[in-house]
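*Asks:*
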Amino acid sequence: MSSHASSTPDNLLWKGGVQPMRVGYGKLMMWIFLLSDTFTFSALLISYGLVRFSYPTFKDLNPGQSIADFVPSTEWWPTPEKVFEAVPLLHGLSLPLVFVGIMTFILIFSSVTMVLAVEAGHRMDKADVEKWMLWTILGGFTFLGSQAWEWSHFIHGTGAGGANLISNEYGPTAFADFFFFITGFHGTHVLSGVILNILIFYNASNGVYQKRGHYEMVEKVGLYWHFVDLVWVFVFTFFYLV
Amino acid sequence: MAEHIENIDAEKQKPQTKELWKVFWILLIITAVEFVIAFQISSDSDFGKWLKISLFIILTFVKSFYIVGTFMHLKHEVKALIWTVVLPVVFVLWFILALVYYEGGYIGSLK
Chain L
78 MSSHASSTPD
88 NLLWKGGVQP
98 MRVGYGKLMM
108 WIFLLSDTFT
118 FSALLISYGL
128 VRFSYPTFKD
138 LNPGQSIADF
148 VPSTEWWPTP
158 EKVFEAVPLL
168 HGLSLPLVFV
178 GIMTFILIFS
188 SVTMVLAVEA
198 GHRMDKADVE
208 KWMLWTILGG
218 FTFLGSQAWE
228 WSHFIHGTGA
238 GGANLISNEY
248 GPTAFADFFF
258 FITGFHGTHV
268 LSGVILNILI
278 FYNASNGVYQ
288 KRGHYEMVEK
298 VGLYWHFVDL
308 VWVFVFTFFY
318 LV
Chain U
4 MAEHIENIDA
14 EKQKPQTKEL
24 WKVFWILLII
34 TAVEFVIAFQ
44 ISSDSDFGKW
54 LKISLFIILT
64 FVKSFYIVGT
74 FMHLKHEVKA
84 LIWTVVLPVV
94 FVLWFILALV
104 YYEGGYIGSL
114 K
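Line by line, the protein sequences give chains L and U. Numbering of the first sequence is given in my numbering, commencing with residue 78 and proceeding in unit increments. Numbering of the second sequence is given in my numbering, commencing with residue 4 and proceeding in unit increments.
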């Protein structure tokens, strides 16, 4: 190879040795992966929105009535707060959105414990990393348990047949289909997040990262975990609130 | 990295967690506000319904700003990384607009 003079100014040349974005390869790739996952979840939520607004609302077909008089029918799209109003151990009470509010709190809380584990990693504080990772794992399992309860309640229903992929007591079949697919896809992310968190906790406890001299793995898995929380924030808004 | 390795035997550093807990409370309060909106503004009028939807969407983006900025640390990364992550999200807007503009009429006519 003959050397040839480059017209590129010296300060714009990357000569290797330094990370171009000042983050490790793994962390950068985690960001790129999360970006692709953003599109997947966007596709799901956008299709939910389009199908939802292609159906009339309860008010459209019953102009004189209030949302408070809502009754489920396959003719109109359900009002979420009239569907998700059950809380474990409080059978028969109408507590709209309370349980999903608790689930949101659990996920926000496990997000803050995750970022505290990352912070402890920066300080090379092994005991603190373990403590906060354990809280995060606990939060993840609590969320998954809550979701299992919510699914079970949704499937068994309120005595009018419940809901599955082909029939749905709360409204059009598409509503149940989207519910299972979107919350299920998110729940799968939570499950894989919990598994990753357990692996990281195991490695941290065995001193793998202490020996390595840095806790970057905690940061990478932390990014994934926060993303799962971020997706829930959007699912909560577009599925339960709007 | 050198100072990190030395730190193993050194005295423990103090945790820097003030900002993290602050963001936790912000997220919690915004979620509480969303609940208040959900039950205080009636969807019976078109105005109420669209006001609610707009407020929910704005608050959701405020929350995601805090999650991505502070929890995911993106606020403190180099500009090149920030733009690498944020710019492609514009395609989501395109996604929405294209589907609503080109397919909206068709989807609406199905039901």
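No residue lacks a Cβ here, since even glycine has one placed at the ideal position from N, Cα and C. All figures in this text were calculated on a predicted structure; none of them were measured in a lab.
Looking at residue 222 of chain L: is its Cβ nearer than 7 Å to the Cβ of residue 271 of chain L?
*Replies:* Counted from its first residue, the first sequence places residue 222 of chain L at position 145. Counted from its first residue, the first sequence places residue 271 of chain L at position 194. Not closer than 7 Å, so no.
*Asks:* For residue 292 of chain L, I'd like the list of residues in its chain whose CB is within less than 6 Å of its CB, leaving aside the five on either flank, ordered along the chain.
*Replies:* If you number the first sequence from 1, residue 292 of chain L lands on position 215. 198 and 286, listed in sequence order.
*Asks:* Would you mind reading off the limits of the alpha helix (DSSP H) that contains residue 139 of chain L?
*Replies:* Taking the first sequence and counting its residues from 1, the one referred to as residue 139 of chain L is at position 62. Note, residue 139 of chain L: premise wrong, no alpha helix (DSSP H); not H, not E.
*Asks:* I'd like to know if residue 143 of chain L contacts chain U, where contact means its C-beta is closer than 7 Å to some C-beta of that chain.
*Replies:* In the first sequence, residue 143 of chain L corresponds to position 66, counting from 1. By this cut-off, residue 143 of chain L is an interface position.
*Asks:* Can you find at least 3 beta carbon pairs, one from the segment 69–87 of chain U and one from the segment 156–168 of chain L, that sit closer than 8 Å?
*Replies:* No contact exists between the segment 69–87 of chain U and the segment 156–168 of chain L.
*Asks:* Just the chain L side, please: which residues come within less than 7 Å of residue 66 of chain U by C-beta, in chain order?
*Replies:* What you label residue 66 of chain U is simply residue 63 of the second sequence in a count that begins at 1. Under the 7 Å cutoff, chain L gives 310.
*Asks:* Do the segment 131–143 of chain L and the segment 227–236 of chain L meet, that is, are 3 or more Cβ pairs less than 8 Å apart?
*Replies:* In short, these stretches do not touch, since the Cβ pair count stays below three.
*Asks:* Could you compute how far the alpha carbon of residue 52 of chain U sits from the alpha carbon of residue 309 of chain L?
*Replies:* Walking along the second sequence from the start, residue 52 of chain U turns up at place 49. Walking along the first sequence from the start, residue 309 of chain L turns up at place 232. Approximately 22 Å between the Cα atoms of the pair.
*Asks:* Residue 30 of chain U versus chain L: which residues are under 7 Å apart at the beta carbon?
*Replies:* By one-based count along the second sequence, residue 30 of chain U stands at place 27. Ordered by position in chain L, the residues that pass the 7 Å Cβ test against residue 30 of chain U are 185.
*Asks:* For residue 277 of chain L versus residue 294 of chain L, is the C-beta distance shorter than 7 Å?
*Replies:* As a first step, residue 277 of chain L is located in the first sequence; it is residue number 200 there, counting from the start. As a first step, residue 294 of chain L is located in the first sequence; it is residue number 217 there, counting from the start. Closer than 7 Å, so yes.
*Asks:* Counting pairs of Cβ atoms below 8 Å between the segment 23–36 of chain U and the segment 87–96 of chain U, do you hit three or more?
*Replies:* Contact between the segment 23–36 of chain U and the segment 87–96 of chain U is absent, because fewer than three Cβ pairs lie under 8 Å.
*Asks:* Under the rule that 16 or more other beta-carbon atoms within 10 Å means buried, what is residue 42 of chain U, buried or exposed?
*Replies:* As a working note, residue 42 of chain U is residue 39 in the second sequence. That one is exposed.
*Asks:* Could you tell me the distance, in whole angstroms, from the CA atom of residue 116 of chain L to the CA atom of residue 147 of chain L?
*Replies:* Walking along the first sequence from the start, residue 116 of chain L turns up at place 39. Walking along the first sequence from the start, residue 147 of chain L turns up at place 70. About 34 Å.
*Asks:* Against chain U, with Cβ distances strictly below 7 Å, would residue 300 of chain L count as a contact?
*Replies:* One-based indexing of the first sequence puts residue 300 of chain L at position 223. It does: the Cβ of residue 300 of chain L has a partner Cβ on chain U nearer than 7 Å.
*Asks:* Contact between the segment 244–253 of chain L and the segment 207–214 of chain L is defined here as three or more beta-carbon pairs at a separation below 8 Å; is this criterion met?
*Replies:* Counting Cβ pairs under 8 Å, fewer than three are found: no touch.
*Asks:* Just reading off the alpha helix (DSSP H) that residue 279 of chain L is part of, what are its end residues?
*Replies:* For the purposes of this step, residue 279 of chain L is taken as residue 202 along the first sequence, with counting starting at 1. Per DSSP, residue 279 of chain L belongs to the alpha helix (DSSP H) from 250–282.
*Asks:* For residue 13 of chain U, I'd like the list of residues in its chain whose CB is within less than 8 Å of its CB, leaving aside the five on either flank, ordered along the chain.
*Replies:* Against the second sequence, residue 13 of chain U aligns to sequence position 10. Any answer about residue 13 of chain U is weak, because its pLDDT of 47 lies below 50 and its placement is not dependable; what the coordinates show is given next. Excluding residues within five positions, none has a Cβ falling inside 8 Å.
*Asks:* Counting only beta-carbon atoms, is residue 263 of chain L nearer than 7 Å to chain U?
*Replies:* One-based indexing of the first sequence puts residue 263 of chain L at position 186. For residue 263 of chain L, the answer is no, since every Cβ of chain U falls outside 7 Å of its Cβ.
*Asks:* Relative to the C-alpha of residue 79 of chain U, which residue among L/282, L/98 and L/194 is closest?
*Replies:* What you label residue 79 of chain U is simply residue 76 of the second sequence in a count that begins at 1. Among L/282, L/98 and L/194, the Cα nearest to that of residue 79 of chain U is on L/98.
*Asks:* May I ask whether a heavy atom of the ligand MG can be found less than 6 Å away from the beta carbon of residue 47 of chain U?
*Replies:* Absence of the ligand MG from the depicted structure is noted, as is the absence of any ligand whatsoever, leaving it without description.
*Asks:* Should the segment 297–315 of chain L be called in touch with the segment 180–199 of chain L, which here means at least 3 C-beta pairs below 8 Å?
*Replies:* In short, these stretches touch, since the Cβ pair count reaches three.
*Asks:* Can you give me the Cβ contacts of residue 226 of chain L inside the same chain, cut-off strictly under 7 Å, excluding the 5 residues immediately before and after it?
*Replies:* Numbered from 1 along the first sequence, position 149 holds the residue referred to as residue 226 of chain L. Correct list, in chain order: 165.
*Asks:* So, using beta-carbon positions, are residue 54 of chain U and residue 185 of chain L closer together than 7 Å?
*Replies:* Counted from its first residue, the second sequence places residue 54 of chain U at position 51. Counted from its first residue, the first sequence places residue 185 of chain L at position 108. Against a cut-off of 7 Å, the Cβ pair of residue 185 of chain L and residue 54 of chain U comes out as no contact.
*Asks:* Quick one: give me the first and last residue of the alpha helix (DSSP H) that residue 168 of chain L is part of.
*Replies:* Taking the first sequence and counting its residues from 1, the one referred to as residue 168 of chain L is at position 91. Segment: none, residue 168 of chain L is in no alpha helix (DSSP H) and carries neither H nor E.
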